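Residue numbers (my numbering): -10 to 78. To keep things clear, I will list the structure first and then write my remarks on it.
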Amino acid sequence: MKYEIEQALRVKSLAIDVMEELMKNESKHSVQELKQLSELFSRCICDLVNVYTNTSEDHEMTLKGTIIKAKIGYNLMKAKPKTHVVEKE
């Protein structure tokens, strides 16, 4: 179970980093990027629920995939924004 906790905490850390990036005033991302980010972290939540509820067959592979999704989301936020940006109101 220690491995599972470590992996879940890694996902949490990446999610917090993404939230901090989103909260920056100069951060502007396209609607498409935000949709991708939303999908990735929604899938992370589903994966973690599957591990937590023991409905996942292979916890280790599920958690590895979850970390990959979270890293992709993090990298998406760190990448330079595209030309179509979401403006703050």
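Backbone N, C-alpha and C define an ideal beta-carbon position, used for all residues, glycine too. Just so it is clear, the structure is predicted and the values come from calculations on it, not from any experiment.
Check: Quick check on K13: does DSSP put it in helix, strand or coil?; Outcome: coil
Check: May I ask you to report which of helix, strand or coil DSSP gives D6?; Outcome: helix
Check: Could you tell me if Q21 is buried or exposed, where buried requires 16 or more neighbouring beta carbons within 10 angstroms of its beta carbon?; Outcome: exposed
Check: Grab me the residues of E78's own chain with a C-beta within less than 6 angstroms of its C-beta, minus the 5 sequence neighbours each way, in chain order.; Outcome: Residue confidence is low: E78 scores 48 on pLDDT, short of 50, so the model does not pin down where it sits. No coordinate-derived value is stated.
Check: Leaving out five residues before and five after V40 in sequence, what residues of the same chain have Cβ atoms less than 7 angstroms from its Cβ?; Outcome: E(-7), H48, T51, L52
Check: I need the straight-line Cα distance from E10 to T42, nearest angstrom please.; Outcome: 31 angstroms
Check: Is the beta carbon of L26 sitting closer than 8 angstroms to the one on M66?; Outcome: yes
Check: Since I believe V0 is in contact with A68 (beta carbons under 8 angstroms), could you give me their beta-carbon distance rounded to a whole number of angstroms?; Outcome: The Cβ separation is near 20 angstroms, so there is no contact.
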